[in-house]
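Chains as they are written, first to last, in my numbering: chain D, 1 to 242; chain Y, 1001 to 1242.
In this text, a Cβ means the ideal position worked out from N, Cα and C, and glycines have one as well.
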DNA sequence: CATAGAGTTTGATCTGGGTCAAGGTTGTTG
DNA sequence: CAACAACCTTGACCCAGATCAAACTCTATG
């Protein structure tokens, strides 16, 4: 599962640090992009775009992280994706966003005028190839997450989430290493399709069972990696097929 | 929501009826594809590929429908996508499938040797553009489905499913029109993250409430479209943002 | 047209996780 | 450093949907 944390070896030569766009750092393309771009920042918690808003720009996250989510009329909300540096908001061919985009941390965006960006996509082949690859990656991650949302128990959901957080920090994973939860209990709940109380209870249980140890609310250590893996409900080998 | 039923106006000139591949029906490209392709059929219920199997071929569905699903060790299964004519099994850059692919009806596939297909994708720009568009469409559909799996009640899930089935048949939807459920109760359950008993009960309730009328197990009519829409839990206007 | 078997419905009961409510921590601001 | 506001934990209770079980209804097949 690489829902959250794709390999993101942004190109250092490129001012917008965009693998999709600057995979080969062609100077002409960069020049075009240079002329198009503008920056904008958002504070933690701020809504970047509401579902249905017109997309005048295609943006890419330069720094920080944001969530894609949908809220039903009565307030139930489900996070359907996370945006990290190099991810796009908006995509060629779409005039409006389908989900609310909210800043999880302070966020800096690099924006391009949509029409110009679309022209670039249709003119420069390797850009659509990169967008294709990104979309396919996110598609499998989303499907993987559908299994979690549809069929996993609360404990399995939490264990899977913890494993995902840990995998971001260090691969290969080993025990007795220090990690930090990137979200509040409520955000975790909206991500996993649970309530914040259930998240809290399940984390307490993992602590009681000697799987995790907490130092404060967000900082933790894995005491029993095998037990954690076991609790995810995934295949024993934890195989991530890519 | 167009998870199941994308617009699929396959090009009639192209023998493989593939919008992604033959969007402009370039004769040379078609000739290349002609030479590559082979056909294979599967019977209803047959497994087309198991998760983890090597993908020697990229296939496209020519006729019939198939499901993408994952089954946990104890037998819980979640359907994460449906494949209809023009959809692909396998994608450029992936050596193995991440989900089980099962024939829902009898299925005919048109297969291409993977390496050759990948070459075509990187050589012919408009192919990666089409694959990109398809992947982006499926990505939003998958995310939409994540909201359903994570946050909707059984009744809302069923109502959303019925509305989706109906939207495939006729747009605009109107009442007193005849429709057919494409799956068994168990398949619906695995699609919605429910048990088959709950699916059956909720369908009975919709019948009792005068929303639907059944003729046999699979054939039904909508008696109260407004009530159905209302039961989906989606925004009143039922807006599908694309 | 009898029979089998898959698919479905319905009932009875159980339970995981939601809801409501009360405190407890941590960290921030005047 | 007091006091407030987020954030988190824990308890008590409840209910939607799961589970277990039985019977019903198609459809297919010999």
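- Beta-bridge annotation (DSSP): residue 1070 of chain Y is paired with Y:1078.
- Put simply, the CB of residue 75 of chain D is far from chain Y, with every gap to its CB atoms at 8 Å or more.
- Chain D places no beta carbon closer than 8 Å to that of residue 1045 of chain Y, leaving this residue out of the contacts.
- With a cutoff of 8 Å on beta-carbon distance, residue 80 of chain D and residue 69 of chain D are scored as near each other.
- Contiguous beta strand (DSSP E) elements confined to the stretch 1136–1193 of chain Y occur at 1178–1180, taking only those with 3 or more residues.
- Residues of chain D whose Cβ lies closer than 7 Å to the Cβ of residue 1078 of chain Y are, in chain order, 146, 147, 150 and 151.
- In the DSSP annotation of this structure, the continuous segment of the alpha helix (DSSP H) that includes residue 1116 of chain Y starts and ends at 1114–1123.
- Comparing C-alpha distances from residue 56 of chain D to each of D:121, D:101, D:116 and D:222 shows the shortest one belongs to D:116.
- Interface annotation, residue 99 of chain D: in contact with chain Y, CB-CB separation under 8 Å.
- Cβ proximity to chain Y below 8 Å picks out nothing from the stretch 165–184 of chain D.
- Here the alpha carbons of residue 1203 of chain Y and residue 1211 of chain Y stand approximately 10 Å from one another.
- In the three-state reduction of the DSSP assignment, residue 83 of chain D falls in the strand class.
- For residue 1158 of chain Y, the CB contacts under 6 Å within the same chain, skipping 5 residues up- and downstream, are 1202 in chain order.
- Annotation for residue 188 of chain D: 199 place their beta carbon closer than 6 Å to its own, counting only its chain and skipping 5 residues before and after.
- For residue 1088 of chain Y, the beta-bridge partners assigned by DSSP are Y:1060.
- Taken atom to atom, the span from the alpha-carbon of residue 1186 of chain Y to that of residue 1194 of chain Y is near 9 Å.
- For residue 123 of chain D, the closest of D:92, D:148, D:64 and D:235 by C-alpha to C-alpha distance is D:92.
- For residue 1039 of chain Y, the CB contacts under 8 Å within the same chain, skipping 5 residues up- and downstream, are 1062, 1108, 1109, 1110 and 1111 in chain order.
- For the pair residue 161 of chain D and residue 206 of chain D, the CB atoms are not nearer than the 8 Å cut-off.
- When Cβ-Cβ separations below 8 Å define contact, residue 1154 of chain Y makes no contact with chain D.
- In this structure the stretch 1134–1142 of chain Y touches the stretch 130–143 of chain D; the number of beta carbon pairs closer than 8 Å is three or more.
- Neighbours of residue 1061 of chain Y across chain D, judged by C-beta separation under 9 Å, do not exist; the nearest C-beta is about 17 Å away.
- Under the DSSP assignment, residue 1103 of chain Y falls in the beta strand (DSSP E) whose first and last residues are 1100–1103.
- Per DSSP, residue 1038 of chain Y is one residue of the beta strand (DSSP E) stretching across 1038–1042.
- Y:1103 is the residue among Y:1072, Y:1078 and Y:1103 whose C-alpha sits nearest the C-alpha of residue 1085 of chain Y.
- Of all residues in the stretch 1104–1136 of chain Y, only 1121, 1122, 1125, 1128, 1129, 1131, 1132, 1133, 1135 and 1136 place a beta-carbon less than 8 Å from a beta-carbon of chain D.
- Cβ neighbours of residue 1090 of chain Y within its own chain (closer than 6 Å, five residues either side excluded): 1055 and 1058.
- Following the DSSP letters along the chain, one finds residue 1212 of chain Y inside the beta strand (DSSP E) bounded by residues 1212–1215.
- The beta carbon of residue 1091 of chain Y falls within 8 Å of a beta carbon belonging to chain D, placing the residue at that interface.
- Contact check for residue 233 of chain D and residue 156 of chain D: beta-carbon distance about 4 Å, within the 8 Å limit, so the pair qualifies.
- Under the 10 Å beta carbon count, residue 50 of chain D is surrounded by fewer than 16 other beta carbons and is classified as exposed.
- For residue 1230 of chain Y, the three-state secondary structure derived from DSSP is helix.
- In chain order, 69, 71 and 190 place their CB closer than 6 Å to the CB of residue 77 of chain D, counting only its own chain and leaving out the 5 sequence neighbours on each side.
- For a cut-off of 8 Å, the C-beta gap from residue 177 of chain D to residue 170 of chain D is around 6 Å, short enough to register as a contact.
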